[in-house]
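Residue numbers (my numbering), protein chains in the order written: chain A, 25 to 135; chain B, 83 to 199.
Note that the Cβ used here is the ideal one computed from N, Cα and C, for glycine as well.
Data first, discussion second: the structure below is written as structure tokens.
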């Protein structure tokens, strides 16, 4: 699976938009980009997945440029409850059983 | 719709002992994967079970073994516990999509916190 690089931590105030960028320079043609969210002492939770351009769901948006060497998770108007670790994963959908997590980005939201 | 459940929630063992952790997959799912998450680190893949057989395995020693039952639930066994085995053990379930590969979205349970003294 392609290696990913994310910022170790980010801080935000409640109500702001947060953008977390993930670098994946050696992404393969068939790889998808998936983001998970994890709260302390809980299992990761699927947020969003995409292949190219833009994907949006009720929770977040995922922006993927044409070269696909990076991606940006966008969380609109964060609240205190969005404080968590966010993981960017890259790989084939069929190899989900070998999800490879990095150390993730620790997002701290304050008032 | 029941999600992934794991038991026990917490467990304390001493070095050299053996432990068994249990997982029930999300309703409708048939594949179970196990992950180990050390403090401050991302989860690391241990192995995956489908049709009661180990299908894929990560870089973990043979002290880590598992089992899947006909009802798709699963157990993770760890023998000869080491201090370094202290971690949060996560179970994730998914569903094969008919192409003999699991769907990409995995649903994780709350985990079992294992402490080895």
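Just the Cα atoms here: how many angstroms apart are residue 89/B and residue 158/B? 11 Å
Is there a C-beta anywhere in chain B that falls below 8 Å from the one on residue 83/A? no
CB contact below 8 Å: residue 120/A versus chain B: Any reading at residue 120/A must be qualified, since the residue scores a pLDDT of 47, below 50, and its modelled position is unreliable; the value itself is stated next. With 8 Å as the cut-off, residue 120/A counts as an interface residue toward chain B.
Take residue 98/B and list the residues in its own chain whose beta-carbon comes closer than 8 Å to its own, dropping the five residues that flank it on each side. 162, 163
Kindly list the residues whose CB is nearer than 6 Å to the CB of residue 42/A, restricted to its own chain and excluding five residues on each side of it in sequence; keep chain order. 36, 99, 102
Rounded separation between residue 194/B and residue 175/B - CA only: 15 Å
Can you list, in chain order, the residues of its chain whose CB lies under 7 Å from that of residue 123/A, leaving out five sequence neighbours each side? 113
In its own chain, which residues sit with a C-beta less than 8 Å from the C-beta of residue 155/B, not counting the 5 before and 5 after it? 104, 105, 106, 107, 114
Is the shortest distance between the beta-carbon of residue 92/A and the beta-carbons of chain B less than 8 Å? no
Buried or exposed, going by whether 16 or more other CB atoms sit within 10 Å of the CB of residue 92/A? buried
Ends of the beta strand (DSSP E) at residue 112/B? From DSSP, residue 112/B is part of no beta strand (DSSP E); its letter is neither H nor E.
Kindly say whether residue 15/A, judged by its beta-carbon, lies nearer than 8 Å to any beta-carbon of chain B. Past the edges of chain A, shown from 25 to 135, lies residue 15/A, and the structure says nothing about it.
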